[in-house]
Each structure stands twice: as structure tokens, then as C-alpha cells.
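In this note's numbering, the protein residues as written are 41 to 215.
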């Protein structure tokens with residue numbers, strides 16, 4: 041089956057129309073730094089990567105997105121975890137599932153510029169301990185990436201879907 045460009049799923053929700061996106065994101069580490077993406081029109085940063093297209097695996101999507109955005113050919117090392125995220129973009133509620141992978145690239149080194157192939161993006165090396173100052177989103181990644189990359193290699197799992205988190209803590213998990 042040929043890969044089709046990533047599409048967004050639109051659904052009705054209690055908040056009106058909402059979109060759902062499945063995203064593959066990469067943690068590219070160099071020493072004590074990781075590579076972050078920054079949309080020049082926004083104040084926060086995010087992990088490089090993007091939407092998974094129909095007929096494409098998440099690792100394939102991640103390699104494709106890195107090539108398209110930076111020209112870098114990355115190798116997917118391992119799955120680190122997932123983050124559910126809800127935000128409002130342009131007045132539209134957006135629900136995302138971010139699949140997070142550790143990646144490597146021999147040509148990428150902290151201190152060496154990673155050039156963007158897309159005019160609205162720039163790429164920045166930031167120390168793992170300063171992800172809060174870099175305004176990394178989704179916000180739970182600020183604490184969980186250092187744990188996942190640490191000696192114990194914790195699995196990343198987080199959600200910004202507040203209602204579900206409260207229900208899960210009380211033992212009432214709804215589908």
C-alpha cells in the first residue's frame with residue numbers, strides 16, 4: 041500500500057469539532073544536550089518529528105520527518121514511551137498521541153548548527169536539565185526525558201488530559 045501524506049482526523053466532541061493527530065517524535069542526544077524544534081511563530085519548543093502518514097510505521101514517519109525538516113538521516117534506537125496531549129490551536133481542540141523514540145545521527149553534534157529546510161522552523165541544542173527553560177511541550181516531557189535517558193531508562197508515559205488523569209488516580213478509568 042503506498043504511503044499517503046499524513047492526514048488529520050476530524051471528529052465531533054463535547055467541545056465542538058476536534059482534531060486527532062498521531063505523531064512520531066525523536067530525542068536526538070549529543071552529550072548533555074538534545075535537539076529541539078522551534079516554530080518561530082510560537083514561544084515554546086517541541087521534539088523534532090511529525091505526523092504519521094497512513095500506511096507508514098511510526099519509526100518510518102520519524103525518519104521521513106527528520107529528512108524533510110533537517111536533511112539528517114537518523115537511526116531509530118528504541119521506543120521511549122508516549123504522551124497524550126490536548127491543546128487548543130487556532131480555536132480548535134486538538135488531541136495528540138506523541139510516540140517518543142530515541143534516535144541517533146553521526147552528523148549531528150551539540151554546538152553544530154542543524155539547518156532547517158522549512159522557513160518557519162529552527163532547531164536548537166538544549167541541555168537535558170534545562171528543558172523547562174526551553175518551554176518544551178508537551179510539558180510532562182520536561183521531567184520524563186531525563187528519566188528515560190538516565191541509567192534506569194524509565195518508560196515515558198504521561199497525559200495532559202486532566203479529566204482522565206483524575207479518574208485514573210481515583211481508580212475509575214473510562215474508555
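Where a beta carbon is used, it is the ideal one built from N, C-alpha and C, also for glycine.
Please read these numbers as outputs of a predicted model, since none were measured by experiment.
Suppose contacts are defined by Cβ-Cβ distances below 7 angstroms. Is residue 174 in contact with residue 85 by that definition?
yes
Where does residue 150 fall in DSSP's three states?
coil
Any beta carbon from chain C within less than 7 angstroms of residue 151's own beta carbon?
The displayed structure is made up of one protein chain only, and chain C is not part of it.
So does the stretch 69–78 actually touch the stretch 147–165, counting three or more Cβ pairs closer than 8 angstroms?
yes
Taking C-beta to C-beta, are residue 160 and residue 80 nearer than 7 angstroms?
yes
Tell me the DSSP secondary structure of residue 113 in three-state form.
coil
Span of the alpha helix (DSSP H) holding residue 188?
181–189
Please classify residue 81: does DSSP put it in a helix, a strand, or coil?
coil
Going by C-alpha distance, which of 62, 139, 169 is nearest residue 93?
Checking every option, the nearest Cα to that of residue 93 belongs to 62.
Roughly how far, in whole angstroms, is the beta-carbon of residue 181 from the beta-carbon of residue 116, given that I think they are within contact range, below 8 angstroms?
No, residue 181 and residue 116 are not in contact; Cβ-Cβ is about 18 angstroms, not under 8 angstroms.
Would DSSP call residue 66 helix, strand or coil?
Three-state DSSP puts residue 66 in a strand.
From 113, 196, 165, 98, residue whose alpha carbon lies closest to that of residue 179:
Out of 113, 196, 165, 98, 196 has the C-alpha closest to the C-alpha of residue 179.
Assigned secondary structure, residue 159 (DSSP; H/G/I helix, E/B strand, else coil):
coil
Assign residue 96 to buried or exposed, taking buried as 16 or more other Cβ atoms, counted over all protein chains shown, within 10 Å of its Cβ.
The residue in question, residue 96, is buried, as its Cβ has 16 or more Cβ neighbours within 10 Å.
Could you spell out the range, first to last residue, of the beta strand (DSSP E) harbouring residue 136?
132–144
Is the beta carbon of residue 88 closer than 7 angstroms to that of residue 77?
Cβ distance < 7 angstroms, so residue 77 and residue 88 count as in contact.
Are the beta-carbon atoms of residue 102 and residue 145 separated by less than 7 angstroms?
no
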